[in-house]
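Enquirer: Take a look at the following structure, please.
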Amino acid sequence: MFSMNYGWISAALKLIMIRANFVVSVMSKVCLVAFWALVLFGLSLVGVHGGVCGEPNEYFYGAIDVDINILPNSDMDITETIKIVYTSGTFHYADRWIPMDRVESITGVEVWEGEREYGFNPKVRRWIAERKESGKALGGDSYAYATWVDGGKFWIGWWYPATSGGSRTFTIKYTVRGGLRIGEKDDQLYWKAVFKDHDVPIGRSRTTIHLPEGVYTEPLKAFSYGTAAERSMVDDRTIQFVTGVIPSHQELEVQVFFPHGIVSGTVPVWQADLERHEAYNAGVKPKVNLALVLLGVIVLIAGGLWLWNVFRGRVRVPRSSFAPPMVYSPPDDLPPALVGLLTKNAVGANELVATIFDLAQKRVIAIAQAERKKFFFSSKDVMLSRSSGITKHSFERLVADALASGNGTWLSEQRGRLPELLRDFSSRVEQESVRQGLFQEEPSKSKGRLSKPGLFMLFVTPFVGIPLVLWLFERAEMIFVPFVSVLLVGLATIILSSKMSSVTEVGATQAGLWKGFGRYLKKMVKDKSLAVDNVSYWDSYFPYAVIFGLSKGWVTTFEGLGANAPVWFHVAATDSGGIEVSGTSMPSLESVSSAFQSMVNSINSGFGSGGTSGGGGGGGGSAG
């Protein structure tokens, strides 16, 4: 016999780490490729934009002044004076849009520049679109404008000769019909005098509102919203709002209440819809939101009661059945896979690896390492061969038949079968646990009673909830609460499903005993004197050390004590025809370490591969 090198078994501890590193490596490469693809795509867009438009166009609004004259028939004559200052680039057009949701119509549009009146030309719309898209100036030196309605917006666009540097001042005139809100006591002007959709700052703004006739200042109420503005009464029928610099994407909205009867207009259609909406927001929406919050609370309570009832239905194991905190020898001959299921409520790759070691310890299989040549390369591989030992359980026979044979089976060639093997292995281990009276039913079935409803809630709720929240959020902001509650119940269900296994009293007693033995193994790793007393048992305890996650520390401890290498491991020679078992030799410490590194890597790579199977007005404006 030979003294043991700890490296060959410490490699087993790397099983999970190698798998994780493999996944992280692949994901990192994918993310890197995606990142550079986005960078190149962005650069290509920049290149196209620069090639079409040349030097960037830069400008700002020197001032926007708005004059609103309320007529006796409730129409509004609006005049906008817009000064555009050009700092770089060449410009040919400007446009302005007004939302139509709180007006009935806009008529009488005129565009002036000083004493020059622009003529109407429907081609201006196409000129502006082409200018925005390709930079072409189809309109040349024309002075023209056009109006159109698109997407609930009333557009005014005008074209002028090429302009570089300096400034131009335009006057836009139009009449708004049905833009006032008519009330029983007060009528109301609610208008976005300075539109929000501007990408550049505005030097200043002055908004002047003229009423049809004079009123006393006391009953007249005037407010402004958005950017800060100074309000003043010019006379008994004129109100003025003055601002300083208005940053980009900020608006000025003005609201003026004046006595009913000054104008003779009728209630516009949009006002009736707005009042119904306001009535709903004031009276119905708070109640709906409260009901939705209560529904969310009810879902949480109902989910909690359901989970409590499910767990109450499990068999309660008396505390007297639990073992002492420390057990100094294996409680019985229970296979490592069943120990893992009892102590962790799950069967995974560790249980499969521990079973391979256990079968080798029982002489059911033998392990040989050989160096295989492929073309000009060579690599070390592990062959599992059947020995004379007899398997006792179906899951042991499954592993022995799948991974070993009389003539030997290369472990690296079984990688594609490992995921399916693990599923079958797990199922058979659970079936055996029921036959031995450790569980009332297979733990996966017990977990499924919770995990399946939990997964259903986690996956279905977003598909139902997200569209409904997007559709109904304006009507009830708390619409998301019940769906969040369902997700929380689903998440709790998934988490608690691992605790759902219906262990019997016998199983609970066994679990307690084996956990006590696991604590003893952990203590053995830390206590050298205790390890010395058990040095002859290191290989028979090793499969259980794998189950309790002690592989690396276990081997490190016993390597320092000169523990013997296992007798079921061999080093073999190979030729083009395969392995020569007759040529086996006693292993060196280095070959033992290398062989088990190769075995664990092969198993891990198989699992990692996944197997083979407000008001009116506003809007926006721009220039270009």
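Anchor point for the sequence shown: position 66 equals 1201 in the working numbering, and the numbering is continuous, going up by one each time. Every residue, glycine too, gets a C-beta built ideally from N, C-alpha and C.
1) Rounded to whole angstroms, what is the Cα-Cα separation between P1588 and T1628?
2) When you compare the CB positions of W1326 and Y1228, do they come within less than 8 Å of one another, or not?
3) In chain order, what residues of the same chain lie with their CB nearer than 6 Å to the CB of K1661, ignoring the 5 residues before and after it?
4) Out of G1349, L1585, T1282 and K1267, state which residue places its alpha-carbon closest to the alpha-carbon of I1291.
5) Looking at the strands, I want to know which residues DSSP matches up with Y1228.
6) As a quick exercise: from V1434, A1489, I1217 and G1313, pick the residue whose alpha carbon is nearest that of V1404.
7) Give every residue of the same chain whose Cβ lies closer than 7 Å to the Cβ of G1301, excluding the five residues on either side of it in the sequence, and list them in chain order.
8) Within 10 angstroms of the Cβ of G1249, are there 16 or more other Cβ atoms? Answer buried if so, exposed if not.
9) Can you give me the C-alpha to C-alpha distance between F1530 and A1698, rounded to a whole angstrom?
10) In chain order, what residues of the same chain have a beta carbon less than 6 Å from the beta carbon of E1265, not counting five sequence neighbours either side?
11) Which partner residues does L1519 have in the DSSP bridge list?
12) DSSP on A1481, reduced to helix/strand/coil?
13) Evaluate W1443 with the Cβ neighbour count: other Cβ atoms within 10 Å of its Cβ, from every protein chain shown; 16 or more gives buried, anything less gives exposed.
14) Exposed or buried, V1126, counting other C-beta atoms within 10 Å across all chains shown (16 or more means buried)?
15) Check for me: the alpha helix (DSSP H) holding W1447 runs from which residue to which?
16) Given P1459, which residues of its chain have a CB within under 7 Å of its CB, disregarding the five upstream and five downstream residues?
17) Using CA coordinates, which residue listed in P1257, K1288 and K1267 is at the minimum distance from S1277?
18) Roughly how many angstroms lie between the CA atoms of S1720 and M1461, to the nearest whole one?
19) Is it buried or exposed for Y1415, if we count other Cβ within 10 angstroms and need 16 for buried?
20) Would a C-beta distance cut-off of 8 Å place T1373 and T1343 closer than the cut-off?
21) Given a cut-off of 8 Å on the beta-carbon distance, is the pair A1539 and L1519 in contact?
22) Rounded C-beta distance between A1489 and I1682? I'm assuming under 8 Å.
23) Span of the beta strand (DSSP E) holding M1211?
24) Would E1413 be called buried (16 or more neighbouring beta carbons within 10 Å of its own) or exposed?
25) Taking DSSP's pairing of strands, which residues face F1195 in a bridge?
26) Between the segment 1601-1615 and the segment 1575-1589, do three or more beta carbon pairs fall short of 8 Å?
27) Should S1637 and S1581 be called a contact, given that it needs their Cβ atoms to be closer than 8 Å?
28) Is S1367 helix, strand or coil by DSSP?
29) Can G1099 and T1639 be called in contact, C-beta distance under 8 Å?
30) What is the rounded straight-line gap between the Cα of S1223 and the Cα of F1195?
31) By alpha-carbon positions, which one of I1213, R1316, Q1375 and A1426 ends up nearest to I1614?
32) Assuming the contact rule is C-beta atoms closer than 8 Å, V1311 and V1380 should be a hit. Round their C-beta distance to whole Å, please.
33) How about D1322 and V1398: do their beta carbons lie closer than 8 Å?
34) Could you tell me the alpha carbon to alpha carbon distance between T1526 and L1533, rounded to whole angstroms?
35) Spatial neighbours of V1335 within its chain, please: C-beta separation below 7 Å, excluding the five flanking residues on both sides.
36) Quick check on Q1390: does DSSP put it in helix, strand or coil?
Expert: In short:
1) 8 Å
2) no
3) none
4) T1282
5) W1294
6) G1313
7) Y1221
8) exposed
9) 30 Å
10) K1271 and L1273
11) I1502 and T1544
12) coil
13) exposed
14) With the chain running from 1136 to 1759 in the structure shown, residue 1126 is simply not present.
15) Trp is not the amino acid found at residue 1447; the sequence shown has Arg there. R1447 -> alpha helix (DSSP H) spans K1420 to R1447.
16) G1651
17) P1257
18) Note that S1720 scores a pLDDT of 49, beneath 50, so its modelled location is shaky and nothing firm can be said.
19) exposed
20) yes
21) yes
22) 5 Å
23) M1211 to S1223
24) exposed
25) V1220
26) no
27) yes
28) strand
29) Since the displayed the chain opens at 1136 and closes at 1759, residue 1099 lies outside it and no answer follows.
30) 11 Å
31) A1426
32) About 27 Å; that fails the 8 Å criterion.
33) yes
34) 9 Å
35) Y1194, F1195, Y1196 and S1383
36) strand
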